[in-house]
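Data block below; observations after.
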Amino acid sequence: MAKELTPQETLRIDLRPPKQDWMDIPVNIKEGIYCYPAKPEKIECVDMPNAHKWSPVEEDWGLPENWKEIFLEGFRERLDKHRTFKIFMDICVRCGACADKCHFFIGSGDPKNMPVVRAELLRSVYRGEFTKAGQILGRLAGARKLTMPVLKEIWYYLFQCTECRRCSLFCPYGIDTAEITILGRELINLFGLNINWIQEPVCNCYNTGNHLGLLPHTFKQNIEFLCDDIEEFVGIKIEPTFNRKGAEILFVTPSGDVFAEPGIYTLMGYLMLFEHIGLDYTWSTYACEGGNFGFFTSLEMAQRLNAKIYHEAERLGVKWILGGECGHMWRVIHQYMNTFQKPVDSLEEPISPITGTKFENAKSLKMVHISEFTADLIKHGKLKLDPSRNDHLKVTYHDSCNPSRGMGMLEEPRYVIKNVCNHFYEMPENTIREETFCCGSGSGLNAGENMELRMRGGLPRANAVKHVHNKYGVNTLACVCAIDRAVLPASMEYWVPGVDVAGVSELVANALIMEGENERSVNLRGEEIPGRAPKEEEAQEDV
Amino acid sequence: MAILVSLGAVLAIVVIALIGAQVGPLQYLLGILVPYAAFAIFIGGFIWRVVYWGKSPVPFRIPTTAGQEYSFPWIKRNRFDNPVKLWEVLVRMFLEVFAFRSLFRHTRAELRGGNLIYGPSKWLWLGALMFHYSFLVIALRHLRFFVQPTPEFVKTIENIDGMLQIGAPHMYLSEVMLLTGLAILLGRRFFAPRIRYISLANDYFPLFLIIAIATTGILMRFLFRVDIVGVKELVLGLASFHPTLPDGIGAMFFIHVLLVSALLAYFPFSKLMHMGGVFMSPTRNLVNNTRMKRHVNPWWTPPKFHTYEEYEEEYRDLMKEAGIPVERE
Amino acid sequence: MYDTGKIIVGLAIFVGLVTSPIWLNKGKAAPKPSPKLDTPAIQQLEKKECVESRQFMRSTHMQLLNEWRDRALRKGERRYINKKGEKIYISLQNTCMKCHSNKKEFCDTCHNYTDIKPYCWDCHFIPEGRKTWASTEGHS
């Protein structure tokens, strides 16, 4: 944050809008809110146009002379390609139902963060440039021409939307701000205005297969390090395979889990779970990213990054694909992938090799969510579990935006958690399930330089956690999203100190009774589990 | 500003009609030509707008899922908030169109002493529902002017609507509800700071226009009586393409008709097209079966991506060193 | 995915509904009513004029009748002074129906045409002993 605000200072939020008309308030691009621009080489790396150096706070953004033409041409093209865009530009009645549904508005009070106004930023240009009424009546019809200040304003607020779709839930016509943001971001990417926090992972993912740019050997090594940790903490030696042809299942998860805490504990959870049930699966160092920052750039970029999963599944000859815990990854997989990619004939309808369950809901795409997979295992009694190992945890569950509003996976993770933890508490009903709040940093806004924005956007989620923290002593926030795991710890530390963030699979593995395991006196984080101190000193050295 | 201009525009329509109604030949214009033109614009414009939308494909299936997905038989799914079958999505659409399901979810977020509180807030839903249903009832009741003999269901509606038998002619419940609904909707725009902030002339104008239509309609019934037989003769003439212009109908009727004509002509070019749009919104009218069934995007192009071959070419040595199997040694 | 078929069906339903009056009328306007004013009582009148002007009676008779009912029955007043200053005896049977004794040819023609069911005859006798309801007779 530019100047560190205390939570008390951040909480001074006025949700009442100013008297002045929003069109009369020029955009003020603030430090702590905006993200740094994409580095030119990261744009060139995926052949996107107009890579150049620029800064949002400078007057001149270094755009090509015909930027207006490019923007409007791109606008028209997208209107012709997406019925959603046309309808969402035309039918908003400004009823205001969405206004206080956005975490960024609630956390900042910035009236242009009301979803309706954020969409009006583009809609006003649509009216002013494309409709007769707007051209004749101008301001009176809520129309304006595209100018540089208008573009800057659009840009600024396109990166204050996490595409979480909460507003869309409450809209009487289902107007989806995420869709408007997606297409709006496509437009500004026509002349190189992406942010680096999105563009660099895109470039990395394109080349190395993952957002972090881990090279094949590093990717493998990182997972092997985690296997070492498992050996140390659990006493089981796991030897996962990579790029193995003939495996039954290809496993793909966001690369954040390979690399950063607390995601790595979730990844250790996957490893232990698969070992426990003896799953015939392989990792891939090529298709090693479930997440898809291309989705935050353009649908075309999302398609290009997503293509690797099927491509690799076909090459390895697997039967079906299992996907790890990730939010927007599952929006892309669930709602886009089956349209993005041509079907792969060698894939088969997914059947759990352990329980024999047919995953009916994935029979065409052939890709199953780890929580669906695990819930099925538990239901069939295929996991030996000791939930009391998680007794020191008081757990609540954060629905990620995308699995809830872009898929509807609400019960499976809850079923899993309730089977591996004895103390589970729901947050207030307006903040969970389909009404869940975003972590505040989704859609590629989990950078460091926009920390004020992230903390403000994270307020509604954190506030609901605080409620159960105070009421029930909740100390663990479970989630099924890599971005959640990356950003919620900061948000918790800021708003609700004393709450840890954990992936659902981490909780599963902690409760898992594995054959040949040690006394499990420490959890996957290497922390002693209260009340389970080792009986003998050697217990931990038992290799 | 937006308020004044919208109000001014509606008053201008009233004044034009008032003047026109006094001049014989202009009555022909106001009573026959303008309604015909407005109706033609309404239908033509409506079709044009829907076709304009329809020309763009729905490339991706992006329903907003508002409940548990279809997964295992032992997990209770939410059929109507997360439909996978056609009839389920039809129910979802029915609830959306006829019960304003999404608006019913409406809550109000408030920050109190550092705590966010979400309270139910049904005023918008209630106002919208009152307004739309009473408008529908009133439109249907008007069929008695358009059709001879009056269809039975119109009589039934009329009987229920006028069951209080207050005054002569009877006061209709729908009249009261329409004005109440409009008052709620307009009141929000006036007094709720956030709604006032986002309101445009495009929002005030239709509200004022419909208030004016309702007011002239009510005035015509109770205060400035017009010759109903003449009105029916004119309207029936319009609806059967044998337009006639009876004498002495009364000015209030012409004001009412010009206002309605304005609404009809304005409709296709305004936000009022949400009437058609709500049926075509891809976040509501699609089933959530994207992993069960492949959907085709008409403008699909094959992705240009970094293939495995290229990848191995770049990293073969590193992969071999790390013991990762490769295609070509 | 265009769903052209569904859109066309939807538009057809819309157009069908909003133009339904045109189809229901089959292009023919029902003949306008011509209430008969040729009762013996009216023919004997020197000045053929009702209690108020023709224009007023056409548009506003129902409000006048309502007012008369309230005055006569609720306040016991039987005297109405019209716009010309003439005193009129308030009575449906003895004033109105004295001239307009031909309910069927007079009242009912317009009421049927505009499909209005006045509740006069809920209480009053229907003249000439016919106790049928105006509009049911007209439509059945």
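Residue numbers (the numbering used here), protein chains in the order written: chain A, 1 to 543; chain V, 544 to 872; chain U, 873 to 1012.
Cβ atoms here follow ideal geometry from the backbone N, Cα and C, with glycine treated the same way.
1) I'd like to know whether the C-beta of Ser931 (chain U) is nearer than 8 Å to at least one C-beta of chain V.
2) Might you give, ordered along the chain, the residues of its own chain that have their beta carbon closer than 8 Å to the beta carbon of Val640 (chain V), omitting 5 neighbours on each side?
3) Could you check which residue in A:Gly498, A:His392 and A:Arg433 has the C-alpha nearest to that of Gly531 (chain A)?
4) With a threshold of 8 Å, are at least 3 pairs of Cβ atoms found where one atom belongs to the region 476-493 of chain A and the other to the region 424-443 of chain A?
5) Between Ala464 (chain A) and His398 (chain A), what straight-line distance do the alpha-carbon atoms span, to the nearest angstrom?
6) Taking the alpha-carbon of Ala509 (chain A) as reference, which of A:Glu65, A:Ile277, A:Ser168 and A:Thr131 has the nearest alpha-carbon?
7) Is there contact between the region 600-613 of chain V and the region 806-817 of chain V, where contact requires at least three CB pairs shorter than 8 Å?
8) Just reading off the beta strand (DSSP E) that Val395 (chain A) is part of, what are its end residues?
9) So with CB distances below 8 Å, who are the chain V contacts of Lys955 (chain U)?
10) How big is the Cα-Cα spacing for Pro115 (chain A) and Ile741 (chain V)?
11) Between Val800 (chain V) and Tyr985 (chain U), how many whole angstroms is the CB-CB distance? I'm expecting something under 8 Å.
12) Considering only residues of the same chain and omitting the five flanking positions on each side of Gly574 (chain V), which have a CB-CB separation below 7 Å?
13) Quick check: the Cα distance between Phe75 (chain A) and Arg930 (chain U), rounded to an integer number of angstroms?
14) Among the residues of its own chain, which have a CB less than 8 Å from the CB of Asn831 (chain V), if the five just before and after it don't count?
15) By the 7 Å beta-carbon criterion, what residues does the region 603-622 of chain V contribute toward chain A?
16) Tell me which residues share the same chain as Ser664 (chain V) and place their Cβ nearer than 8 Å to its Cβ, disregarding the 5 neighbours each side in the sequence.
17) Looking at the C-beta of Trp320 (chain A), does it have a partner C-beta in chain V at a distance below 8 Å?
18) Just the C-alpha distance for Leu722 (chain V) and Val769 (chain V), rounded to the nearest angstrom, thanks.
19) Nearest to Tyr173 (chain A) by CA position, among A:Asn450, A:Cys227 and A:Gly96, is which residue?
20) Of all the alpha helix (DSSP H) runs that stay within the bounds of the region 368-450 of chain A, which reach a length of 4 or more residues?
21) So, does the CB of Tyr985 (chain U) fall closer than 8 Å to a CB anywhere in chain V?
22) Does the contact criterion of 3 or more C-beta pairs under 8 Å hold for the region 748-757 of chain V versus the region 552-569 of chain V?
23) Chain V partners of Asn974 (chain U), CB-CB under 9 Å?
24) Assign Ile894 (chain U) to one of three DSSP states: helix, strand, or coil.
25) Which residues in chain U have a C-beta closer than 8 Å to the C-beta of Phe784 (chain V)? List them in chain order.
26) Which of the three DSSP states, helix, strand or coil, is assigned to Asn828 (chain V)?
27) Can you give me the start and stop residues for the beta strand (DSSP E) that Tyr961 (chain U) sits inside?
28) Go ahead and label Pro497 (chain A) buried or exposed: buried means 16 or more other beta carbons lie within 10 angstroms of its beta carbon, across all protein chains shown.
29) Can you say whether Pro49 (chain A) is buried or exposed, counting buried as having 16 or more other CB atoms within 10 angstroms of its CB?
30) Within the same chain, show all residues whose beta-carbon is closer than 7 Å to that of Asp257 (chain A), passing over the 5 residues directly before and after it, in chain order.
31) Which one of A:Leu215, A:Glu239 and A:Arg185 has the shortest CA to CA distance from Leu226 (chain A)?
32) If you measure beta-carbon to beta-carbon, which residues of the region 772-783 of chain V are closer than 7 Å to chain U?
33) Can you look up Phe242 (chain A) in the DSSP assignment and give me helix, strand or coil?
34) Is Leu554 (chain V) close to chain A, meaning its C-beta is less than 8 Å from at least one C-beta of that chain?
35) Does Lys955 (chain U) come out as helix, strand or coil in the three-state DSSP assignment?
36) Can you pull the chain A neighbours of Thr787 (chain V), defined as C-beta to C-beta under 8 Å?
On the basis of the data shown:
1) yes
2) Val821 and Phe822
3) A:His392
4) yes
5) When rounded, the distance between both Cα atoms is 10 Å.
6) A:Ile277
7) no
8) Val395 to His398
9) Residues of chain V passing the Cβ test: none, with the nearest at roughly 15 Å.
10) If you take the alpha carbons of Pro115 (chain A) and Ile741 (chain V), they lie about 11 Å apart.
11) Contact doesn't hold; Cβ gap of about 19 Å is too wide.
12) Leu777, Leu788, Phe797 and Val800
13) 59 Å
14) Cβ contact annotation for Asn831 (chain V) (same chain, cutoff 8 Å, sequence separation greater than five): Arg604, Pro606, Thr608, Glu612, Tyr613, Asn625, Pro626 and Val627, in chain order.
15) Phe603, Arg604, Ile605, Thr607, Thr608, Ala609, Gly610, Gln611, Glu612, Tyr613, Ser614, Phe615, Trp617 and Ile618
16) Listed in chain order, the non-local C-beta contacts of Ser664 (chain V) below 8 Å within the same chain comprise His649, Thr650 and Arg651, local neighbours out to five positions each way being set aside.
17) Interface with chain V (8 Å Cβ-Cβ cutoff): Trp320 (chain A) is excluded.
18) 22 Å
19) Of all alpha-carbon atoms in A:Asn450, A:Cys227 and A:Gly96, the one lying nearest the alpha-carbon of Tyr173 (chain A) is that of A:Gly96.
20) 370-379, 401-405 and 411-420
21) yes
22) The region 748-757 of chain V is in contact with the region 552-569 of chain V.
23) Near Asn974 (chain U) there are no residues of chain V at all, since even the closest Cβ is about 17 Å away, more than 9 Å.
24) Collapsing the DSSP output to three states places Ile894 (chain U) in a helix.
25) Ile894 and Gly899
26) coil
27) Lys959 to Tyr961
28) exposed
29) exposed
30) Gly263, Ile264, Thr266, Leu267, Gly324 and Ala482
31) Cα-wise, what sits closest to Leu226 (chain A) is A:Glu239.
32) Val772, Lys775, Glu776, Leu779, Gly780, Ala782 and Ser783
33) strand
34) no
35) If DSSP states are grouped into helix, strand and coil, Lys955 (chain U) belongs with coil.
36) Going along chain A, no residue has its Cβ under 8 Å from Thr787 (chain V), so there is no contact; the nearest lies around 35 Å.
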